[in-house]
Amino acid sequence: MGQYLLKRLLIAIPSILGISVILFTVLALAPGDPFEELATNPNVPAEVREMLRQKFGLDDPVAIRYFRWLAAMAQGDFGFSFASRIDVGDLIMQRLPTTLIIIGLAQLIALAIALPVGVYAATRPYSIFDQIASTFAFVGFSLPPFFTGLLLILVFSIQFDWLPFVYRADIEATGWRWFWEHVRQAIMPVSVLALFLAASLTRYVRSSVLDVIRLDYVTTARAKGLGERVVITKHVVRNALIPVVTLVFLQLPALFGGAIVTEQIFRIPGIGSLLISSILANDTPVVMAVTFVSAILVVLFNLIADILYGWLDPRISYG
Amino acid sequence: MSEPLLEIRDLKTHFATDNGIVRAVDGVDITIRRGETVGVVGESGCGKTVTAMSVLKLIAMPPGRIVDGQILWQGRDLIPLEADELDDIRAKDIAMVFQEPMTSLNPVYTIGEQIAEGLRRHEKLSRRAALERTVEMLRLVQIANAEKRVHDYPHQFSGGMRQRVMIAMALSCSPKLLIADEPTTALDVTIQAQILELLADMKARFGMAVMLITHAMGVVAETAQRVVVMYAGRVIEEAPVDELFANPRHPYTQGLIRSIPHIDRAATTKKRLEAIPGVVPRLIDPAPGCRFAPRCRFAMPACRLATPALRDVGGGHKVACILETGGLPQ
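Quick note, the sequences are listed as chains S and B, same order.
Letter by letter, the first sequence follows residues 0 to 318 of the numbering used here.
Letter by letter, the second sequence follows residues 690 to 1019 of the numbering used here.
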């Protein structure tokens, strides 16, 4: 197992390096200049811009810039944001917790809904419950977060004025009030994401359970007189969850991408909105850092999914 | 004769499909007495497995439905029982061994866990005591190195070994009846003989009754005391095993026995092995009359009028054929 892990981590290094080369080249080839706005500002002479470009080495060949970036990266230095004038590492650390909390909560709520609903629906296929659950899952899956998000804002913020629709990281309150304000502003974005995730997960759990429930070993378990509840939870769900767990972990990095839209709608100061604003500002070091971190997450979660898969299914061995 | 342990009376199990209702089991009577081995034979699709599964209500409902009949276990009807009452009988009184050892064990639990969970449920054993009993059972079914292998997963066993595990599991709570649904069909020929021998050993040791479902006449001849022949969802003949092979009365049974290959005869006479022409009829809206009539060499117009009832012709030999009543519908 330890050897397998080491092997997988060693294999991950060249793929992460490859990703970084591609990302860096694409960003270098992309049009736009971080000092563009200086060019339109008549108070900044052209020489100052040139000096800035030289100071940051923007006129060097791409290869040299890449190795400079790589050397800094290896020491944990993500670079310097042109737009915010602070270290990219600090910028990411400011934004990451918010995104993690929103996505983490949404994923947990989605699982808490999808597992029981999907399993119960599958044990009674084509029943009223199953049909209602399937309809909701279909609707939730079909409505994009930017639509449900706006709908919730219209109803709960504009119509009833119950919930704030702009997410604020700096709430001036302490103790319970501070906590309550955070909960209040998180309700809508978390629900929007959770609804979307729960919808697709429910369908997946349901079909996975349906696949398992007809298998021979489930009949064996029933023939032992274990009782339907034990048969379902111990023999069916345990097996049906193997593909579900893998799916959840493989989807987690994609979730960061999916959260961008939601973060834009609710003005959440998270990683997604950081990415958008840095792209708009041509702030390449930030764009590079955020995309690179997501790439590492993809590789990492793939590894976690593989390890979990082997842990859940004894037929898989690591060699 | 000892008292009946299991009495299946006029059992009808039907399945709803898109094309109509499949009458998989359509009026089956089978009686099994304490300690005896009853062979249930017939072609694929004649309702043997559905009959067996109906006893413990292991068929998928829906689409399956027990439409009519009684399943008397020591005089008590199992059909109207609540799920938890039936669970007390499953494995404890009536245990099953299935056809496919490769898929009948849960891949994510060790075989020890899977045998022990039945013991803990029915015998109320502690985790430790259940494990000890499990190892003991594995030794009985001749699994070498049982105390180590009890912690292995199903994929670490071959098909024959898994069937041994299934037998150990089925017998762990000392059931009074073992329903073995084609326990050797999926196995290699050499392994088949070993499993049948093991079943005979276990029967000698535990003294349970056995309902052995098979489509191999040879298996029945070796192991059963009484044989029930099924065709298209109905019992068409029933007799003690020697009587059935010596004196088969139903044309279908005669055909089945003639289709057993004999290696000695084939070499000397060079005769083609006889087969029964045609296939089992579809069980959706079957035509009235004897269901074997379309394939029967003795079929006459009267056969297609009414379904012949199972009639005792003496000596515990029962036949459902119009020939037994002199060509007249009963």
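Note that the Cβ used here is the ideal one computed from N, Cα and C, for glycine as well.
| query | Is the CB of TYR920 (chain B) under 9 Å away from at least one CB in chain S? | reply | Judged by the 9 Å Cβ criterion, TYR920 (chain B) is not in contact with chain S.
| Would you call the region 822 to 836 of chain B and the region 789 to 799 of chain B touching, i.e. three or more CB-CB distances under 8 Å? | no
| How about LEU761 (chain B) and LYS746 (chain B): are their beta carbons less than 9 Å apart? | no
| request: Reducing DSSP to helix, strand and coil, say where LEU57 (chain S) ends up. | output: In this structure, LEU57 (chain S) counts as coil in the three-state DSSP scheme.
| message | Less than 9 Å between the beta carbons of THR122 (chain S) and ILE231 (chain S), yes or no? | response | yes
| message | Quick check on DSSP: helix, strand or coil for ASP870 (chain B)? | response | strand
| query | How is LEU214 (chain S) classed by DSSP in three states: helix, strand or coil? | reply | coil
| said: Measuring CB atoms only, is the region 190 to 207 of chain S touching the region 767 to 776 of chain B, in the sense that at least three cross pairs come out at less than 8 Å? | reply: Touching, no.
| said: What does DSSP give as the partner residue(s) for PRO693 (chain B) in the beta ladder? | reply: B:ARG722
| message | In whole angstroms, give me the CA-to-CA distance for ALA197 (chain S) and PHE178 (chain S). | response | 26 Å
| said: I'd like to confirm the pairing. Which residues does DSSP put opposite GLY753 (chain B) in its beta bridges? | reply: B:PHE704
| request: May I have the straight-line CA-CA distance separating PHE137 (chain S) from PRO769 (chain B), to the nearest angstrom? | output: 38 Å
| query | Are ASP718 (chain B) and LEU999 (chain B) closer than 9 Å when you measure CB to CB? | reply | yes
| field | Contact list for the region 120 to 132 of chain S against chain B, Cβ threshold 7 Å | value | Those would be none; no residue qualifies.
| task | Measure the alpha-carbon distance for TRP175 (chain S) versus SER815 (chain B) and round it to whole angstroms. | result | The alpha-carbon atoms of TRP175 (chain S) and SER815 (chain B) are separated by roughly 49 Å.
| If we call anything under 9 Å between Cβ atoms a contact, is GLY56 (chain S) one with GLY75 (chain S)? | no
| query | Going along the chain, which residues of the region 864 to 881 of chain B sit with their C-beta nearer than 7 Å to a C-beta in chain S? | reply | none
| request: Provide the residue(s) that pair with ALA784 (chain B) in DSSP beta bridges, ordered along the chain. | output: B:LEU867
| Which chain B residues sit within Cβ distance under 8 Å of LEU209 (chain S)? | Annotation: LEU209 (chain S) has no Cβ neighbours in chain B at a cutoff of 8 Å; minimum Cβ distance is about 12 Å.
| said: Please identify the residue among B:THR720, B:VAL727, B:ILE710 whose C-alpha is closest to the C-alpha of ALA913 (chain B). | reply: B:VAL727
| query | If you drop the 5 nearest sequence neighbours on each side, which residues of the same chain put their C-beta closer than 6 Å to that of PHE164 (chain S)? | reply | ILE152, SER156
| said: Can you pull the chain B neighbours of ARG228 (chain S), defined as C-beta to C-beta under 9 Å? | reply: Those do not exist, as ARG228 (chain S) stays about 10 Å from chain B at its closest Cβ, beyond 9 Å.
| query | Could you give the distance in angstroms between the alpha-carbon of VAL824 (chain B) and the alpha-carbon of GLY807 (chain B)? | reply | 14 Å
| In the region 130 to 176 of chain S, which residue ranges form an unbroken alpha helix (DSSP H) of at least 4 residues, counting only runs that do not cross its ends? | 144 to 151
| request: Measure how close the beta-carbons of ILE884 (chain B) and PRO872 (chain B) come, nearest whole angstrom, since I'm counting them as under 8 Å. | output: Contact holds; Cβ gap of about 6 Å.
| field | chain S contacts made by the region 964 to 993 of chain B, where a contact means CB separation under 8 Å | value | none
| With respect to the alpha helix (DSSP H) encompassing GLU789 (chain B), which residues constitute its N-terminal and C-terminal limits? | Careful: GLU789 (chain B) lies outside any alpha helix (DSSP H) and carries neither H nor E.
| query | Do the region 256 to 268 of chain S and the region 98 to 110 of chain S make contact, defined as three or more Cβ pairs closer than 8 Å? | reply | yes
| task | Return the residues of the region 796 to 817 of chain B that lie within a Cβ-Cβ distance of less than 7 Å from chain S, sorted by chain order. | result | Under the 7 Å Cβ criterion, the region 796 to 817 of chain B contributes PRO796, VAL797, GLU806, GLY807, ARG810, HIS811.
| query | What is the DSSP secondary structure of VAL204 (chain S), counted as helix, strand or coil? | reply | helix
| field | Residues near PRO252 (chain S) by beta carbon distance below 7 Å, same chain, minus five either side | value | SER293, LEU296, VAL297, PHE300
| message | Run through chain S and tell me which residues come within less than 9 Å of THR682 (chain B), C-beta to C-beta. | response | Any question about residue 682 (chain B) goes unanswered here, given that chain B covers just 690 to 1019.
| message | Once DSSP output is grouped into helix, strand and coil, what is the label at ALA741 (chain B)? | response | helix
| Beta carbon proximity, TYR941 (chain B) to chain S, threshold 9 Å | no
| task | Find the residues of chain S that neighbour ARG779 (chain B), judging by a C-beta separation of less than 9 Å, and give them in chain order. | result | In chain order: ARG221, ALA222, LYS223, GLY224, LEU225.
| task | Could you tell me the distance, in whole angstroms, from the CA atom of ARG915 (chain B) to the CA atom of ALA818 (chain B)? | result | ARG915 (chain B) and ALA818 (chain B) have their C-alpha atoms some 38 Å from each other.
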